[in-house]
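**Student:**
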Amino acid sequence: MRRSIKMITVLGLTFGAVALTGGNASANTAEDYRDNMANFVPIISDWIDEVENLADRAVAKPSEACSDEVASLARRGAGMSQDLEGTVAPAALGYAHDELVGAMLAMAADTADGCTIGSGLANAVADDIAETKDALRKIGYFAQSAPINPIEMPIPPVTGN
Numbered sequence: 035m036r037r038s039i040k041m042i043t044v045l046g047l048t049f050g051a052v053a054l055t056g057g058n059a060s061a062n063t064a065e066d067y068r069d070n071m072a073n074f075v076p077i078i079s080d081w082i083d084e085v086e087n088l089a090d091r092a093v094a095k096p097s098e099a100c101s102d103e104v105a106s107l108a109r110r111g112a113g114m115s116q117d118l119e120g121t122v123a124p125a126a127l128g129y130a131h132d133e134l135v136g137a138m139l140a141m142a143a144d145t146a147d148g149c150t151i152g153s154g155l156a157n158a159v160a161d162d163i164a165e166t167k168d169a170l171r172k173i174g175y176f177a178q179s180a181p182i183n184p185i186e187m188p189i190p191p192v193t194g195n
């Protein structure tokens, strides 16, 4: 039953995010992905910190999991994950990108279900936070590295036999 409620919540948040954002980010090349994610990684990181702080506060005071902040965090997380779903990552980062999207969706669903979970919110999001931070670290490293430049080798002059 709980899994069904979670899935319905995830789907509802996802469809709501699509309606709110009206589109998604897209990257056609590794450079585009790098540029887009260089700006997006800090935003996602801040969101993760907000969810983690809320979950930690809910341990001591379960009513925190029912605050207005919960609905906002859930919507933002679902919207960001929806935006990421439409982004094509370079092959080397495909797995990390998919992990990031999945973990963010799960965190958004758990956050939206915060009133029901109460003080257990920290435990509910702990694995997803760890997975999200790991994937974000890999993507962030790529996004902050130097641009991809093809190797250019000079053509030696043609000499006689």
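Take the position in the sequence shown, starting the count at 1, then add 34; the result is the number in my numbering. For each residue, glycine too, the CB sits at the ideal point set by N, CA and C.
Give the C-beta separation of H131 and L139 to the nearest angstrom, bearing in mind that I take them to be a contact with Cβ-Cβ under 8 angstroms.
**Tutor:** The residue given as residue 131 occupies position 97 in the sequence shown. The residue given as residue 139 occupies position 105 in the sequence shown. With 8 angstroms as the limit, H131 and L139 do not qualify as a contact, their Cβ atoms being about 13 angstroms apart.
**Student:** Got a sec? Which residues, its chain only, sit under 7 angstroms from T55 by beta carbon, not counting five neighbours each side?
**Tutor:** As a working note, residue 55 is residue 21 in the sequence shown. Interpretation of T55 is limited by its pLDDT of 38, a score under 50 that renders its predicted location unreliable; the figure taken from the coordinates is listed afterwards. Answer for T55: G113, Q116 and D117, listed in chain order.
**Student:** When DSSP labels each residue in this structure, what does K95 get in the three-state scheme?
**Tutor:** As a first step, residue 95 must be located in the sequence shown, where it is residue number 61. DSSP places K95 in coil when its eight states are reduced to three.
**Student:** Please specify which runs of the alpha helix (DSSP H), each continuous and at least 4 residues long, are wholly inside the segment 105-170, giving them in chain order.
**Tutor:** Runs of the alpha helix (DSSP H) inside the segment 105-170: 128-146 and 148-151.
**Student:** Near K167, what residues of its chain come up, given a Cβ to Cβ distance below 7 angstroms and the 5 sequence neighbours on each side ignored?
**Tutor:** Residue numbering aside, residue 167 sits at position 133 when the sequence shown is read from its first letter. Cβ within range, chain order: I82.
**Student:** Which residue from E165, V122, L88 and I189 puts its Cα closest to that of A146?
**Tutor:** Residue 146 sits at position 112 when you count from the first residue of the sequence shown. Closest by alpha carbon: L88.
**Student:** Grab me the residues of A156's own chain with a C-beta within less than 7 angstroms of its C-beta, minus the 5 sequence neighbours each way, in chain order.
**Tutor:** Taking the sequence shown and counting its residues from 1, the one referred to as residue 156 is at position 122. Here the set comprises A89, D90, A92 and V93.
**Student:** Taking all protein chains shown into account, do 16 or more other C-beta atoms lie within 10 angstroms of the C-beta of R68, making it buried, or fewer, making it exposed?
**Tutor:** Position 34 of the sequence shown holds residue 68. Buried is the call here.
**Student:** By the 10 Å Cβ neighbour count, where 16 or more other Cβ atoms means buried, how is I42 classified, buried or exposed?
**Tutor:** As a position in the sequence shown, residue 42 is number 8, starting the count at 1. The predicted position of I42 is uncertain, since its pLDDT is 48 and thus under 50; a value taken from the coordinates is nonetheless stated next. I42 comes out exposed.
**Student:** Measure the C-alpha to C-alpha separation of S153 and D161 and round it to an integer number of angstroms.
**Tutor:** Residue numbering aside, residue 153 sits at position 119 when the sequence shown is read from its first letter. Residue numbering aside, residue 161 sits at position 127 when the sequence shown is read from its first letter. Looking at the two C-alpha atoms, the distance is approximately 16 angstroms.
**Student:** Using the Cα positions of A158 and I189, report the straight-line distance between them to the nearest angstrom.
**Tutor:** Numbered from 1 along the sequence shown, position 124 holds the residue referred to as residue 158. Numbered from 1 along the sequence shown, position 155 holds the residue referred to as residue 189. Whole-angstrom Cα-Cα distance: 59 angstroms.
**Student:** Among the candidates F176, R171 and G148, whose CA atom is the shortest distance from the CA of E103?
**Tutor:** As a first step, residue 103 must be located in the sequence shown, where it is residue number 69. The shortest C-alpha separation from E103 is found at G148.
**Student:** Report back the beta-carbon spacing between V75 and A177 to the nearest angstrom; my notes put them in contact at under 8 angstroms.
**Tutor:** Residue numbering aside, residue 75 sits at position 41 when the sequence shown is read from its first letter. Residue numbering aside, residue 177 sits at position 143 when the sequence shown is read from its first letter. Confirmed, about 6 angstroms.
**Student:** Given that a residue counts as buried once 16 or more other Cβ atoms are within 10 Å of its Cβ, and exposed if not, what is A126?
**Tutor:** Along the sequence shown, read from residue 1 onward, the residue named residue 126 stands at position 92. Under this definition A126 is an exposed residue.
**Student:** For A108, which residues from the same chain have a beta carbon less than 7 angstroms from its beta carbon, with the 5 sequence-adjacent residues on both sides left out?
**Tutor:** Translated into positions along the sequence shown, residue 108 becomes position 74. L47, A142, T145 and A146, listed in sequence order.
**Student:** State yes or no: is the C-beta of E133 within less than 7 angstroms of the C-beta of E84?
**Tutor:** Stepping through the sequence shown from its first residue, residue 133 is reached at position 99. Stepping through the sequence shown from its first residue, residue 84 is reached at position 50. Not a contact, by the Cβ cut-off of 7 angstroms.
**Student:** Say yes only if the C-beta of D168 is nearer than 6 angstroms to one or more non-hydrogen atoms of the ligand NAD, and no if none qualify.
**Tutor:** Among the components of this structure there are no ligands whatsoever, and the ligand NAD is therefore not found.
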